[in-house]
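Okay, so the sequence shown: first residue is -12 according to our numbering, each after it adds one. We put the beta carbon where it would ideally sit given N, CA and C, even for glycine. As the structure is a prediction and not an experimental result, all values here were calculated from the model.
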Amino acid sequence: MTEPDPHGFSEDFGTIEIFGIPFSTFTRSIVMGLEEFGLGNCFIQHHTPPHSGEVRQRNPFGLLPVLVHRPNAIYSSSDDTVILYESNAIRRYIDESLGLQANQKFKHKVELTPPAAKSTPMERARVDQWVSVAATVIFPAVELGVVKRRLAMEGNSADDESITLALDTGLEKLHDRLAIVEQMFNQPFSGDYICGNNVSWADLFAYPPLADLRAIKEGEPILRSGKDALYPKLNAWMDRMEQRESAKKTYPGTLASQRKKN
């Protein structure tokens, strides 16, 4: 469990809890969002695995992450306690509640979704579109098709030749998906991040599964940087994302951090 910094400002936001292990890419997306808003010292993260009793008490499907917000801390009643699951719902709540409070408290202007007053419907929808692409295209192609299959076979002591053969179909599908993502990149916007010059939820949802891919053998030739990069726009963006404080602070406990130790 990650405790908030006692010298932080958690009391100004009530009690914020995140249920989810750092290994979970969707949990990482949400925690990166809190970090981007400057709320890194203002929440407790419970390292609870999916389908555990603690998670099922708050999400009947047992999936990660879950956000619990008690606006009045220990004085909150069950009526004003917010319990949310599904990452897309959690990010909306962060944008419209915790993020707004953070911007007022810390006097900064972090906007992970373009505000309606300063953006077009298309700009806002483009962020939503990318969040959906990350969840329904990138995540299954990377995690279900390649990463989790490799980890499962490693856990069963399969040899590398067998693993490579088993991943062939998944890798072929992954390349098809990444080629499309590469073409989509920065369209119709231009800038350092997916939807322009500022980081958004689009980046925070797309990055964690691709960071997992970089952590395994198959990811090295796919997501390598430099003149021989297969997907140069995607790789340049990955390099920028890795340098963000939100990525660095959420690195411990991820697949990449665990494989680096081995």
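| Asked | Found |
| --- | --- |
| Measuring alpha carbon to alpha carbon, tell me which of V186, E83, A104 and T100 ends up nearest A112. | T100 |
| According to the neighbour-count rule (16 or more other Cβ atoms, all chains shown, within 10 Å of its Cβ), is F176 buried or exposed? | exposed |
| Rounded to the nearest angstrom, what separates A198 and G157 at their Cα positions? | 17 Å |
| Note down the Cα distance separating T2 from Y62, rounded to an integer number of angstroms. | 10 Å |
| Measuring straight from C-alpha to C-alpha, what distance separates N28 and D(-1)? | 12 Å |
| Could you say if the stretch 122 to 133 and the stretch 86 to 95 meet the contact criterion of at least three C-beta pairs nearer than 8 Å? | no |
| Cα separation between P47 and T35? | 15 Å |
| Return yes when the Cβ of E98 is within less than 9 Å of the Cβ of S187, no when it is not. | yes |
| Tell me the start and end of each unbroken beta strand (DSSP E) in the stretch 113 to 148 that is at least 3 residues and wholly inside, in chain order. | none |
| Between the Cα of S244 and those of L221, P208, P195 and V168, spot the shortest distance and give me the residue it belongs to. | P195 |
| Does DSSP put Q32 in a helix, a strand or coil? | strand |
| Out of S16, F6, A216 and S65, point me to the one whose CA is closest to T237's CA. | S16 |
| Report yes or no: do three or more beta-carbon pairs, one from the stretch 158 to 165 and one from the stretch 130 to 138, lie closer than 8 Å? | yes |
| Just reading off the alpha helix (DSSP H) that Y80 is part of, what are its end residues? | S74 to Y80 |
| What residue range is occupied by the uninterrupted alpha helix (DSSP H) comprising V18? | T12 to E23 |
| Restricting to Cα atoms, I'd like to know which of R78, K247, V18 and D82 is closest to P102. | D82 |
| For a quick check, are the C-beta atoms of V53 and Y72 less than 9 Å apart? | yes |
| Specify the secondary structure class of G183 as computed by DSSP and reduced to three states. | strand |
| Shortest alpha-carbon distance to R201 belongs to which of S65, L242, M19 and Q32? | L242 |
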